[in-house]
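Quick notes on the structure that follows.
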Amino acid sequence: MTFHRFATLAGYSEGHLRSVENSRREVTADVADAYDRVLNSGGMFGARLAAYQARTDAASTPWGQDGTTAVLHGLLNVSDVDRRSFVAASGAALTTVASRWRSALDLPEPLAATGTRQINPALVAHIDQRLDHLRHLDDELGSGDLAALARSELAFVAQLLKAGSYTEQISRRLYSLAAEASRQVAWDHFDQDNHTTAQRYFEMALRASATADDPVTGAYALSFMAVQCYSIGLGEQAVSLLETARNAVSGKSTARMAAMLAARSARALSKTGDRRATAHMLHTARTELDQGPHPDDPPTLYWVTEGEIEMIAGSCALELGDPAEAIRRFDTAISADYRGEDQYPRSHAIYMARAAEAHLAMRDLDAAVDRASHAMRCLDGVDSARSKSTLAGLRKKLKGHGEVPLVREFLEATR
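Each residue of the sequence shown is one higher than the last, beginning at -7 in my numbering.
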């Protein structure tokens, strides 16, 4: 179709539409609808425009209870089509969101309840238990359909916030639960390689935690947001996000929280190639964890153990080009009562794939195939696009040794 013919069918002049496409004129809903109508694109242009406008509106919405409520209900009311059309934020935008979260924590405001439904502590505790159950399901089964379950929990909390009558303490607790539910939705979308939707829910988690005046829950969400960043090549931004998180909880959280943030900072720093800073953060993580458990440890940190820290150390070493050290760290993790295979099969599959890659770099094909086979067993029954992508990358590297019978047998058995 010529552009002249397209413009005629759309009902606009060629000059007007060229100005739109060259960003000299605003993209209006009428123009988007005309593109969808003429190109028979099933509403794609309209959905993209709506999603872009929703993101722009969210970015300009002030932080605080009213802003959090507006963004939350806007996010929950977006259709499936629009969610797939979210516009990804840049690395600079993500660090700006983290900075605004940090600033909002310094300006807590009294929270108002406008509804009539009495919300008691027992109901809040029950929601907390359900979110804990979802976390463990995610560990064992992968993200799969869990994003929808976590989103339902978030929608339920949003409804309670809108229609409920409650004390200030319960109000803040509900916003903290909204933050954790939103983090879970974000993480599940990230695990399914749906990065733009994950970003929106991570941002929602930060807003809700700031409204709750809960830096610990927000810092926890920010650490997962950092994992997403360094996983898509934004290592420097991940380092910045984790630094913001550590500063926000300094003196306000436990040693286990400090250990987790330091370990993830080390992983982000390894992505930037900073060996010294990576080693420093790993030392900090081990030192903090050695202080032992504390009654105030957030229940979300059940997975932060010696084995997990050493698995992260192994990943850092591999990233920094030291496969021998990586193998030592992975082996140390396994010997440290790391029950990854039954409790965290998705994560364990990723770690074993990295261990296989380290053995491959050391030209130990027997050990590489053994670890690769272990990783494949872990993924049986687990729904995780991220893990499958990691295993696919490992298989690609093993194909370079396909002439070796042991490797060839593994590749044929796992096709």
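Beta carbons: idealized from backbone N, C-alpha and C, even for Gly.
In this text the structure is predicted, and so the values were computed from the model without any measurement.
Consult DSSP for SER168 and reduce its assignment to one of helix, strand or coil.
The residue labelled residue 168 in the question sits at position 176 within the sequence shown. Helix, per DSSP.
Which ranges does the alpha helix (DSSP H) cover as unbroken runs of at least 4 residues, wholly within the segment 84 to 149, from first to last along the chain?
Every alpha helix (DSSP H) stretch that sits fully inside the segment 84 to 149 and reaches 4 residues is listed by chain position as 113 to 133.
Answer yes or no: do ARG164 and ASP206 have a C-beta to C-beta separation smaller than 8 Å?
On the sequence shown, residue 164 is found 172 positions in, with the first residue counted as 1. On the sequence shown, residue 206 is found 214 positions in, with the first residue counted as 1. Contact: yes.
Paired residues, beta bridge with SER157 - DSSP
Position 165 of the sequence shown, counted from the start, is the residue given in the question as residue 157. Answer is GLN110, bridged to SER157.
Secondary structure at ASP314, three-state DSSP: helix, strand or coil?
Translated into the one-based positions of the sequence shown, residue 314 becomes position 322. It is coil, neither helix nor strand.
Cβ contact (3+ pairs, closer than 8 Å) linking the segment 127 to 144 and the segment 372 to 381
yes
Would you call the CB atoms of GLY210 and LEU198 closer than 8 Å?
Taking the first residue of the sequence shown as 1, we reach residue 210 at position 218. Taking the first residue of the sequence shown as 1, we reach residue 198 at position 206. Yes; because the gap between Cβ atoms is below 8 Å, this pair is in contact.
Would you mind reading off the limits of the alpha helix (DSSP H) that contains ASP28?
In the sequence shown, residue 28 corresponds to position 36, counting from 1. Here the alpha helix (DSSP H) through ASP28 covers 21 to 31.
Skipping 5 residues on each side, what residues in its chain have a beta carbon closer than 7 Å to that of ASP323?
On the sequence shown, position 331 is the one that residue 323 refers to. Taken in chain order, the list of residues that qualify is empty.
Cβ-based neighbour list, TYR294, same chain, cut-off 6 Å, excluding 5 preceding and 5 following
Here the question's residue 294 lines up with position 302 in the sequence shown. Excluding positions up to five away in sequence, the list is empty.
Measure the C-alpha to C-alpha separation of LEU129 and HIS187 and round it to an integer number of angstroms.
Stepping through the sequence shown from its first residue, residue 129 is reached at position 137. Stepping through the sequence shown from its first residue, residue 187 is reached at position 195. Approximately 21 Å, taken between the alpha carbons.
Would PRO337 and CYS308 be called neighbours here (beta carbons separated by less than 8 Å)?
Counting from one through the sequence shown, the residue named residue 337 turns up at place 345. Counting from one through the sequence shown, the residue named residue 308 turns up at place 316. No, these two residues do not count as a Cβ contact at 8 Å.
Would you call ARG259 buried or exposed, if buried means 16 or more other Cβ atoms sit within 10 Å of its Cβ?
By one-based count along the sequence shown, residue 259 stands at place 267. With 16 or more other Cβ atoms within 10 Å, it is buried.
At which residues does the alpha helix (DSSP H) containing GLU349 begin and terminate?
Within the sequence shown, residue 349 is the residue found at index 357, counting from 1. Taken as a continuous stretch (DSSP letters only), the alpha helix (DSSP H) holding GLU349 covers 337 to 353.
Alpha carbon to alpha carbon, how far is VAL73 from GLY332?
The residue you call residue 73 lines up with position 81 of the sequence shown. The residue you call residue 332 lines up with position 340 of the sequence shown. Because the pLDDT at VAL73 is just 46, under 50, the model does not fix this residue reliably, and the point stays unresolved.
Short check: CB of ARG429 to CB of LEU281, under 8 Å?
A question about residue 429 goes unanswered here, because the residues of the chain that appear run from -7 up to 407.
Given 8 Å as the limit, is there contact between the segment 56 to 69 and the segment 137 to 154, that is, 3 or more CB pairs closer than that?
yes
How big is the Cα-Cα spacing for GLU298 and GLY306?
The residue you call residue 298 lines up with position 306 of the sequence shown. The residue you call residue 306 lines up with position 314 of the sequence shown. Distance between the alpha carbons of GLU298 and GLY306 is about 12 Å.
As a quick exercise: from GLN229, ALA139 and VAL208, pick the residue whose alpha carbon is nearest that of GLY243.
Taking the first residue of the sequence shown as position 1, residue 243 is located at position 251. Of the residues GLN229, ALA139 and VAL208, the one whose Cα lies closest to the Cα of GLY243 is VAL208.
Determine contact between the segment 119 to 129 and the segment 85 to 105, defined as no fewer than three beta-carbon pairs at a distance below 8 Å.
no
Identify whether VAL73 lies in helix, strand or coil by the three-state DSSP scheme.
Start at 1 with the first residue of the sequence shown, and residue 73 comes out as number 81. Any reading at VAL73 must be qualified, since the residue scores a pLDDT of 46, below 50, and its modelled position is unreliable; the value itself is stated next. In this structure, VAL73 counts as helix in the three-state DSSP scheme.
Which ranges would you report for the alpha helix (DSSP H) in the segment 247 to 271 if only whole runs of at least 4 residues count?
As far as the segment 247 to 271 is concerned, its whole alpha helix (DSSP H) runs of at least 4 residues are 247 to 264.
Any idea what DSSP makes of ASP459, helix, strand or coil?
Since the displayed the chain opens at -7 and closes at 407, residue 459 lies outside it and no answer follows.
I'd like the list of long-range same chain contacts for ALA178, defined as Cβ closer than 6 Å, with 5 residues on each side in sequence excluded.
Stepping through the sequence shown from its first residue, residue 178 is reached at position 186. Closer than 6 Å at Cβ, skipping near neighbours: ALA190, TYR193 and PHE194.
For HIS393 and GLU300, what's the separation of their Cα atoms in angstroms?
Counting from one through the sequence shown, the residue named residue 393 turns up at place 401. Counting from one through the sequence shown, the residue named residue 300 turns up at place 308. For HIS393 and GLU300, the distance between alpha carbons rounds to 30 Å.
Would you mind giving the Cβ-Cβ distance between LEU97 and ALA173, rounded to the nearest angstrom? I have them listed as a contact below 8 Å.
Residue numbering aside, residue 97 sits at position 105 when the sequence shown is read from its first letter. Residue numbering aside, residue 173 sits at position 181 when the sequence shown is read from its first letter. 20 Å between Cβ atoms; not a contact.
Between the segment 110 to 123 and the segment 26 to 34, are three or more C-beta pairs nearer than 8 Å?
no
How would you call GLU18, buried or exposed, if buried means at least 16 neighbouring beta carbons within 10 angstroms?
Position 26 of the sequence shown, counted from the start, is the residue given in the question as residue 18. Exposed, because fewer than 16 other Cβ atoms sit within 10 Å of the Cβ of GLU18.
If the criterion is Cβ atoms closer than 8 Å, does the pair ALA105 and TYR158 meet it?
As a working note, residue 105 is residue 113 in the sequence shown. As a working note, residue 158 is residue 166 in the sequence shown. Going by C-beta atoms, ALA105 is nearer than 8 Å to TYR158.
Length of the line joining the Cα atoms of GLN409 and LEU169:
Residue 409 cannot be examined here, being either before or after the span of the chain that is shown, -7 to 407.
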